[in-house]
Amino acid sequence: MAISQKALVESVPTGLFIGGAWRDSSDGATLPVEDPSSGATLARVADATVEDGRAALDAAVAAQAGWARTAPRDRGEILRTAFERLTERAEEFATLMTLEMGKTLAESRGEVAYGAEFFRWFSEESVRIHGRYSMAPNGATRLLTLKAPVGPTLMITPWNFPLAMGTRKIGPAVAAGCTMVVKPASQTPLTMLALADLLRECGLPDGVLNVVTTSRTGEVMEPIIRDPRLRKLTFTGSTGVGRRLVEQSSEQLLRVSMELGGNAPFIVFEDADLERAVEGAMLAKMRNIGEACTAANRFYVHEEVAEEFGRLFAKRMAGLTLGKGTKKGVDVGPLIDAKARDGVAELVEDARSRGATVLTGGAPAPGRGYFFEPTVITDVSPDARMMREEIFGPVAPICTFRTEEEALAQANSTEYGLASYVFTRDLSRVIRISEGLEFGMIGINQGIISNPAAPFGGVKASGFGREGGFEGIEEYLETRYVGIAP
Ligand code: NAP
83 MAISQKALVE
93 SVPTGLFIGG
103 AWRDSSDGAT
113 LPVEDPSSGA
123 TLARVADATV
133 EDGRAALDAA
143 VAAQAGWART
153 APRDRGEILR
163 TAFERLTERA
173 EEFATLMTLE
183 MGKTLAESRG
193 EVAYGAEFFR
203 WFSEESVRIH
213 GRYSMAPNGA
223 TRLLTLKAPV
233 GPTLMITPWN
243 FPLAMGTRKI
253 GPAVAAGCTM
263 VVKPASQTPL
273 TMLALADLLR
283 ECGLPDGVLN
293 VVTTSRTGEV
303 MEPIIRDPRL
313 RKLTFTGSTG
323 VGRRLVEQSS
333 EQLLRVSMEL
343 GGNAPFIVFE
353 DADLERAVEG
363 AMLAKMRNIG
373 EACTAANRFY
383 VHEEVAEEFG
393 RLFAKRMAGL
403 TLGKGTKKGV
413 DVGPLIDAKA
423 RDGVAELVED
433 ARSRGATVLT
443 GGAPAPGRGY
453 FFEPTVITDV
463 SPDARMMREE
473 IFGPVAPICT
483 FRTEEEALAQ
493 ANSTEYGLAS
503 YVFTRDLSRV
513 IRISEGLEFG
523 MIGINQGIIS
533 NPAAPFGGVK
543 ASGFGREGGF
553 EGIEEYLETR
563 YVGIAP
């Protein structure tokens with residue numbers, strides 16, 4: 083029998099997970115977790131202190147040597163079991179995520195499937211960590227190349243994908259033999275706490291995974307980053323915070339992976355299948371209420387088809403129903419908080435004041451919760467803030483272009499370089515434009531690009547490092563070489 087939402091939330095451990103045990107914050111403090119559809123407090127979780135952060139790192143360091151010695155198959159089996167249990171308990175995890183983050187249940191189910199897949203993928207990769215044996219060119223020595231786990235890793239994750247941003251890091255770290263301290267976003271800690279409990283049940287040894295929730299974020303994280311026992315930092319979040327963390331990491335030259343902000347262009351050529359392009363636009367814009375680093379941020383549509391595309395897109399957007407994500411028939415949940423909603427409203431006002439026309443939406447929705455209407459805007463000036471900044475909400479600005487060169491130049495005119503989307507039926511153009519776009523990921527005739535079997539990551543101010551694919555595990559391995567004189 084399905085349990086109630088209240089009972090589900092109450093079933094989640096709310097302490098810090100350190101060395102395989104749950105404990106309170108050392109000063110007894112807690113922080114609230116809010117339901118963004120109503121502003122109501124869902125639960126309170128432990129609010130870690132600097133000492134708690136250090137204790138979590140102590141536990142990860144103590145477990146590292148033993149964990150690195152475990153058989154790759156054993157590590158893989160833990161991940162495989164976690165994949166299966168997560169899949170069995172998909173409904174619970176999806177509901178929890180919807181409650182603390184706001185997205186609809188359908189989207190949360192999608193995230194559970196996507197997030198669990200990282201465990202399955204990396205369970206398979208754990209037994210394929212290869213080295214190399216070769217002869218030096220002069221024949222004098224033999225060259226043995228080895229891969230070793232990087233070591234204790236700090237993982238800092240954002241609120242927009244509370245599960246998948248964790249499994250994308252935990253999966254490869256477990257497979258490679260690294261121990262870790264995970265710090266989920268303070269707005270959405272419940273999913274990660276439930277996941278830690280699930281991994282414990284699946285046999286992950288004590289101390290391999292430690293979870294610290296805190297509102298004193300910078301104060302608790304910085305000493306861990308500067309601790310010489312830490313070997314790697316992996317961060318998913320905003321470019322501003324990422325820059326600060328890279329600076330902190332430079333002191334001890336930490337291995338660093340940065341999955342940062344995006345400002346994805348969505349280019350529609352005159353030969354595109356327009357219905358398919360609109361379908362792709364709905365996915366690329368509205369997945370996660372527009373709160374995705376891969377979200378289409380700027381739409382560049384060829385002038386011959388721009389009016390038709392705008393009309394069809396606005397019609398689809400106007401037909402969406404806003405509401406609490408757990409309710410049936412709801413297509414779009416609330417934004418994460420009042421600041422996010424007001425920020426989106428400011429961007430729309432800025433575009434309007436520079437002459438843009440709102441085809442549909444354009445305002446926060448009345449009532450409780452942090453809702454914003456699905457919005458399509460045309461005639462947006464290139465100087466408008468929303469063309470340069472991440473919108474992180476359900477707003478689609480459309481600009482037009484005449485030539486392929488112009489489209490490419492506009493698409494690349496950003497400091498970011500994460501995702502990009504192109505709709506065309508011309509194969510030669512696909513090749514030209516894929517080679518010309520300065521983005522880590524390019525979707526051709528598709529509005530969703532994330533795939534656990536593909537290397538996810540950006541260039542320029544969107545960061546460095548890759549998650550998923552064959553590349554994902556490399557981030558948690560270092561290369562050593564042994565020269566052997568025969
Ligand atoms: P954020 O403010 O940068 O926060 C991300 C994480 O960093 C949170 O856990 C946050 O903790 C923590 N943090 C904040 N200040 C910190 C500090 N001084 N030291 C250490 N940690 C700190 O980003 P967000 O608003 O949660 O997430 C949205 C951003 O993430 C967007 O820019 C989006 O594009 C990006 N993102 C990128 C990817 C990708 O793969 N490239 C994926 C998803 C999201 P608190 O919650 O406690 O503040």
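Heads up: take any position in the sequence shown, counting from 1, add 82, and you land on this note's numbering.
Beta carbons are placed, not taken as given, at the ideal position from N, Cα and C, and that holds for glycine.
Beta-bridge partners of Val264 (DSSP): Met237, Val293. When C-alpha distances from Lys397 are compared across Gly475, Val440, Tyr498, the shortest belongs to Val440. Inside the region 295-383, DSSP marks whole alpha helix (DSSP H) runs of 4 or more residues at positions 299-307, 321-332, 356-368, from first to last along the chain. Asp129 and Ala388 have their C-alpha atoms spaced approximately 50 Å apart. Here the region 102-115 makes no contact with the region 156-163; the two share fewer than three CB pairs at distances below 8 Å. Taking each of Leu315, Leu365, Ser297, Met217 in turn and checking the Cα distance to Gly192, the smallest one comes out for Leu365.
Nearest Cα to Gly411 within the set Leu402, Phe175, Ile526: Leu402. Beta-carbon to beta-carbon, Ala536 and Phe474 are separated by about 23 Å, too far to satisfy the 8 Å threshold.
If you draw a 10 Å sphere on the C-beta of Ala354, you find 16 or more other C-beta atoms in it, and that means buried.
Contact between the region 318-329 and the region 230-245 is present: three or more C-beta pairs spanning the two stretches fall below 8 Å. When Cβ pairs closer than 8 Å are counted between the two stretches, the region 265-275 is seen not to touch the region 339-349, the count staying below three. Considering only Gly529, Leu509, Ser544, Pro568, the residue with the shortest C-alpha distance to Gly522 is Ser544. Counting only the Cα atoms, Gly415 lies some 5 Å from Gly407.
Scanning Val564, Glu557, Gly499, Ser510 for the CA closest to the CA of Gly540 turns up Gly499. DSSP lists no bridge partner for Met468. Here Thr169 carries a helix assignment [DSSP, helix/strand/coil]. Taking the C-beta atoms as reference points, Gly135 is found no nearer than 9 Å to Met274. Proximity to Pro305 across Ala164, Pro254, Glu133 peaks at Glu133, based on C-alpha coordinates. The closest CA to that of Arg434, considering only Gly259, Lys409, Ala466, is found on Ala466. Within the region 129-217, the complete beta strand (DSSP E) segments of 3 residues or longer fall at 214-217, listed in chain order.
Beta bridge pairing from DSSP links Met523 with Ala501.
Per DSSP, Pro287 is not a residue of any beta strand (DSSP E), being assigned neither H nor E. Linking Gly425 to Glu471 through their CA atoms gives a straight-line distance of about 11 Å. Ranking Tyr382, Val94, Leu404, Val338 by CA distance to the CA of Leu187 puts Leu404 first. At least 9 Å separates the beta-carbon of Asp508 from that of Phe395. Counting along the chain, Arg105 sits inside the beta strand (DSSP E) bounded by residues 103-105. For the 9 Å CB-CB criterion, Val194 and Thr169 form a contact. Boundaries of the beta strand (DSSP E) around Ala478: 477-483. Note on Gly121: under 16 other CB atoms within 10 angstroms of its CB, so exposed under the neighbour-count rule. Contact check between the region 248-259 and the region 196-205: three or more CB pairs, one atom from each, fall below 8 Å, which counts as touching. In this chain, Ile530 is not harboured by any beta strand (DSSP E), its DSSP state being neither H nor E. Straight-line measurement puts the Cα of Gln330 at about 30 Å from the Cα of Ala276. Contact between the region 141-157 and the region 481-493 is absent, with fewer than three C-beta pairs closer than 8 Å. Put simply, of Pro568, Ile349, Ile566 the residue whose alpha carbon is nearest the alpha carbon of Arg511 is Ile349. Annotation for Leu277 indicates a beta carbon at 8 Å or more from all heavy atoms of the ligand NAP. Residue pairing by DSSP places Ile459 opposite Val440, Pro479 in a beta bridge.
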